[in-house]
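Engineer:
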Amino acid sequence: MLGRPLSRGGTTWGGVGGRVGRPAARLRTCSFLRKDPPLAAVTAAAQELLRLAQAHPTGPPTLDPVNDLQLKDVSVVEGGLRARKLEELIRGAQCVHSPRFPAQYLKLQERRQLQKEIERLRFLLSDQSLLLLPEYHQRVEVLRTLGYVDEAGTVKLAGRVACAMSSHELLLTELMFDNALSALRPEEIAALLSGLVCQSPGDTGEQLPSTLKQGVERVRAVAKRIGEVQVACGLNQTVEEFVGELNFGLVGVVYEWARGMPFSELAGLSGTPEGLVVRCIQRLAEMCRSLRGAARLVGEPVLGAKMETAATLLRRDIVFAASLYTQ
354 MLGRPLSRGG TTWGGVGGRV GRPAARLRTC SFLRKDPPLA AVTAAAQELL
404 RLAQAHPTGP PTLDPVNDLQ LKDVSVVEGG LRARKLEELI RGAQCVHSPR
454 FPAQYLKLQE RRQLQKEIER LRFLLSDQSL LLLPEYHQRV EVLRTLGYVD
504 EAGTVKLAGR VACAMSSHEL LLTELMFDNA LSALRPEEIA ALLSGLVCQS
554 PGDTGEQLPS TLKQGVERVR AVAKRIGEVQ VACGLNQTVE EFVGELNFGL
604 VGVVYEWARG MPFSELAGLS GTPEGLVVRC IQRLAEMCRS LRGAARLVGE
654 PVLGAKMETA ATLLRRDIVF AASLYTQ
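Numbers 354 to 680, taken from the numbering used here, label the letters of the sequence shown in order.
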């Protein structure tokens, strides 16, 4: 609106000889005014437009955003001041008076558009255009903070251990390096790790042994520490959301299964469908085997033997049958 002639209802400022030069005659051409005389308000408006056109043959003055439009916003006021300065600068420039100025201005405009297109294409070809690149840098910073890679990006021992995990790499590696699993029995380790693969949220229950209750709290504490590091490095996931991904609803079920309870008796321990229980135990066995390989990588033969025993305790009976329909 600033610095541009106004156009209202198709009426433009063209001087006395323009479209507003004979408002009364123009009004007579309207279909609803051919028989009836124009209203007094219409006539007054037309006369006012004619007066303004005669008073400003080169166009109306620019509206002031503060005084005329009553716009008090700081950005609008600053924009109006910049517009006035640019208008004064343009009026004082010699190039605008050149007869070749319109053609040269079009060439400059085309050049600016080509430059913008070049910048856009360069951005698409660069790494900055990758959608997940910021998150990638944030996750690398998480690995650097936790000691999985050094400042040069070289993978350290903790990073190699994390690569051996099948899932939940950071949490399992931190549990291993914190010796949170070494003092537990194989069936207890399997029960605690079920919280990482269980797809059925639920309460752990009050009937769990104290060792398992303490283990659940320790796993949550380690997950909370990792979540805090991720938040500090800029990831959008909150600490509560990260810890909330752990579901310890089948800890008691897996614990009893690893101790030898028949599958037919597990249904009374939890309201979880049998299919989800089977899926949890199968995924848990694979996780135990990946932990066994990671323990051997860091030179923990005792923990590796426990993970082998835990996987053996889980892989039995109908849960790991070749076909559930033929056994």
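Idealized CB from N, CA, C, for every residue including glycine.
Pick out whichever of 671, 618, 652 and 624 has its Cα sitting closest to the Cα of residue 635.
Structural biologist: Taking only the C-alpha atoms, the option nearest residue 635 is 671.
Engineer: Taking 8 Å as the threshold (C-beta atoms), are residue 540 and residue 645 in contact?
Structural biologist: No, Cβ-Cβ distance for residue 645 and residue 540 is not below 8 Å.
Engineer: Which one of 614, 605 and 641 has the shortest CA to CA distance from residue 624?
Structural biologist: The option with the nearest alpha carbon to residue 624 is 605.
Engineer: Going by the beta-carbon positions, is the gap between residue 514 and residue 655 smaller than 8 Å?
Structural biologist: Contact flag unset, no.
Engineer: For residue 537, which residues from the same chain have a beta carbon less than 8 Å from its beta carbon, with the 5 sequence-adjacent residues on both sides left out?
Structural biologist: The residues are 545, 564, 568 and 659.
Engineer: Unbroken alpha helix (DSSP H) runs of length 4 or more, entirely within the region 577-653: which are they?
Structural biologist: With a minimum length of 4 residues, the continuous alpha helix (DSSP H) runs that stay inside the region 577-653 are 592-597, 604-611, 616-619 and 627-650.
Engineer: What did DSSP end up calling residue 502 once you bin it into helix, strand or coil?
Structural biologist: The answer is strand: DSSP assigns residue 502 an E or B state.
Engineer: In terms of DSSP beta bridges, what is residue 508 paired with?
Structural biologist: Answer is 502.
Engineer: Nearest to residue 416 by CA position, among 403, 398, 436 and 408, is which residue?
Structural biologist: It is 436 whose Cα lies nearest to the Cα of residue 416.
Engineer: Could you tell me the distance, in whole angstroms, from the CA atom of residue 433 to the CA atom of residue 397?
Structural biologist: About 32 Å.
Engineer: Tell me whether the beta-carbon of residue 607 lies closer than 8 Å to the beta-carbon of residue 543.
Structural biologist: Cβ atoms of residue 607 and residue 543: closer than 8 Å.
Engineer: Here's the rule I'm using: 16 or more other beta-carbon atoms within 10 Å means buried, otherwise exposed. How should residue 458 be labelled?
Structural biologist: Flag for residue 458 reads exposed.
Engineer: Would you kindly report the start and end of the unbroken alpha helix (DSSP H) that includes residue 529?
Structural biologist: Residue 529 -> alpha helix (DSSP H) spans 522-530.
Engineer: Residue ranges of each beta strand (DSSP E) run of no fewer than 3 residues wholly in the region 382-439, ordered along the chain?
Structural biologist: The region 382-439 contains no whole beta strand (DSSP E) run of 3 or more residues.
Engineer: Look up residue 660 in the DSSP assignment and say whether it is helix, strand or coil.
Structural biologist: If DSSP states are grouped into helix, strand and coil, residue 660 belongs with the helices.
Engineer: Relative to the alpha-carbon of residue 598, which residue among 501, 570 and 548 has its alpha-carbon at the smallest distance?
Structural biologist: It is 548.
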